[in-house]
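The numbering used here numbers the first residue of the sequence shown as 5 and each following residue consecutively. Glycine included, each C-beta is placed from N, C-alpha and C at the ideal position. Quick caveat, the model's predicted, so the values are computed rather than measured. Below is one structure, written out as structure tokens, with a few remarks after it.
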Amino acid sequence: MKLLITMNQSEDLGLKLQKVKLAIAEVNDCRFDTEKQRMLKLKALNKIKDAILIKGRELSIDIKAA
5 MKLLITMNQS
15 EDLGLKLQKV
25 KLAIAEVNDC
35 RFDTEKQRML
45 KLKALNKIKD
55 AILIKGRELS
65 IDIKAA
């Protein structure tokens, strides 16, 4: 049962990391935001990304995301 939970957590964290990376790419491509808005968005997204990676390390999960 623990293996199943770990697989689900791994997939969940991997999917979240993928979404954050996509959001970061979209912010970088957006030409309508000011530089300050872009930097604030990127700072927030990087905090989320770091939290996901830390959670993966805490659970001893190797997160693979494209």
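Between residue i and residue j, how many whole angstroms is the CB-CB distance? I'm expecting something under 8 angstroms.
i: I52; j: Q13; result: Between Q13 and I52 the Cβ distance is about 17 angstroms, and since that is not below 8 angstroms, they are no contact.
Whole angstroms are fine: how far does the CA of residue j sit from the CA of residue i?
i: K20; j: L26; result: 10 angstroms
i: G60; j: K40; result: 30 angstroms
i: I67; j: G18; result: 5 angstroms
i: D16; j: Q22; result: 10 angstroms
i: L44; j: V31; result: 10 angstroms
Where does residue i sit, in a helix, a strand or coil, going by DSSP?
i: D54; result: helix
i: D66; result: coil
i: D37; result: coil
i: M5; result: Note that M5 has pLDDT 49, beneath the 50 cutoff, so the model's placement of it is unreliable and no number is given.
Compare the Cα-Cα distances from residue i to each of the options and report the closest residue.
i: N50; options: L63, V24 and E30; result: V24
i: K47; options: G18, A29 and L63; result: A29
For the pair the segment 29 to 40 and the segment 52 to 60, tell me if three or more CB-CB distances fall below 8 angstroms. no
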